[in-house]
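Numbering (our numbering), first residue to last: 463 to 632.
Each residue gets a CB set at the ideal place from its N, CA and C atoms; glycine is no exception.
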């Protein structure tokens with residue numbers, strides 16, 4: 463195989479390998495260990511094959527190393543992009559409204575989201591604290607509703623590791 467073809471092969475296979483590593487990590491962190499382990503097996507198999515290809519090359523060209531490193535960095539980007547598109551898991555929204563915004567609670571519930579609300583005391587007045595657990599694929603919809611109905615709300619969003627009981631639409 464000529465040097466250019468070898469570099470292309472190493473580059474693209476490295477993208478696949480590193481993207482799989484990113485997904486494996488996310489799956490394991492989110493509690494999907496079996497799927498993560500399977501992806502890890504394939505990832506290491508691909509890695510082993512491409513490393514042996516790079517190390518046993520007839521060429522001692524720096525281009526082999528550049529292709530390998532470029533594939534790694536591109537694979538990191540591609541893997542994080544894929545993970546973002548797959549939106550695996552769920553997130554917790556903690557929202558503090560300015561004032562008692564029960565209209566926001568009603569609209570969120572009308573859109574199928576489970577909302578717990580707590581009256582809380584702000585600096586100057588009473589507010590609502592809303593707690594919502596949402597599938598990551600639906601985060602944008604929740605965000606859009608909040609921006610439209612109560613744009614001055616304080617919002618924090620956290621990844622959720624595990625959910626036990628409660629109202630949660632997937």
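Top-ranked residue by Cα proximity to residue i, from the options
{"i": "residue 517", "options": "609, 591, 585, 468", "result": "468"}
{"i": "residue 586", "options": "562, 556, 471, 511", "result": "562"}
{"i": "residue 599", "options": "548, 540, 532, 477", "result": "548"}
{"i": "residue 474", "options": "511, 501, 485, 499", "result": "511"}
{"i": "residue 514", "options": "471, 543, 495, 535", "result": "471"}
{"i": "residue 504", "options": "613, 614, 478", "result": "478"}
{"i": "residue 546", "options": "577, 597, 575", "result": "597"}
{"i": "residue 463", "options": "575, 499, 532, 521", "result": "521"}
{"i": "residue 634", "options": "565, 508, 491", "result": "No answer is possible for residue 634: it lies beyond the span of the chain, which begins at 463 and ends at 632."}
{"i": "residue 621", "options": "506, 601, 578", "result": "601"}
{"i": "residue 498", "options": "509, 482, 508, 507", "result": "482"}
{"i": "residue 584", "options": "560, 628, 487, 508", "result": "560"}
{"i": "residue 544", "options": "487, 613, 627", "result": "487"}
{"i": "residue 627", "options": "605, 595, 604", "result": "595"}
Contact belief for residue i with residue j at Cβ below 8 Å, rounded distance in angstroms
{"i": "residue 493", "j": "residue 609", "result": "In fact, because the Cβ distance is near 31 Å, the residues do not count as touching under 8 Å."}
{"i": "residue 569", "j": "residue 611", "result": "6 Å"}
{"i": "residue 553", "j": "residue 619", "result": "5 Å"}
Residue i - containing beta strand (DSSP E), residue span
{"i": "residue 618", "result": "616-622"}
{"i": "residue 606", "result": "Where residue 606 is concerned, there is no enclosing beta strand (DSSP E), although the alpha helix (DSSP H) it sits in stretches over 601-611."}
{"i": "residue 587", "result": "No beta strand (DSSP E) contains residue 587, which DSSP labels as neither H nor E."}
{"i": "residue 633", "result": "Because the chain is modelled from 463 through 632, residue 633 falls outside the range shown and cannot be assessed."}
Where the alpha helix (DSSP H) containing residue i begins and where it ends
{"i": "residue 501", "result": "495-517"}
{"i": "residue 535", "result": "524-548"}
{"i": "residue 470", "result": "465-491"}
{"i": "residue 626", "result": "No alpha helix (DSSP H) contains residue 626, which DSSP labels as neither H nor E."}
{"i": "residue 520", "result": "Run containing residue 520: none; DSSP gives neither H nor E here."}
{"i": "residue 570", "result": "564-572"}
Pair within 9 Å by beta-carbon distance, residue i and residue j
{"i": "residue 519", "j": "residue 526", "result": "yes"}
{"i": "residue 484", "j": "residue 537", "result": "yes"}
{"i": "residue 592", "j": "residue 607", "result": "no"}
{"i": "residue 555", "j": "residue 617", "result": "yes"}
{"i": "residue 582", "j": "residue 573", "result": "no"}
{"i": "residue 465", "j": "residue 532", "result": "no"}
{"i": "residue 534", "j": "residue 491", "result": "no"}
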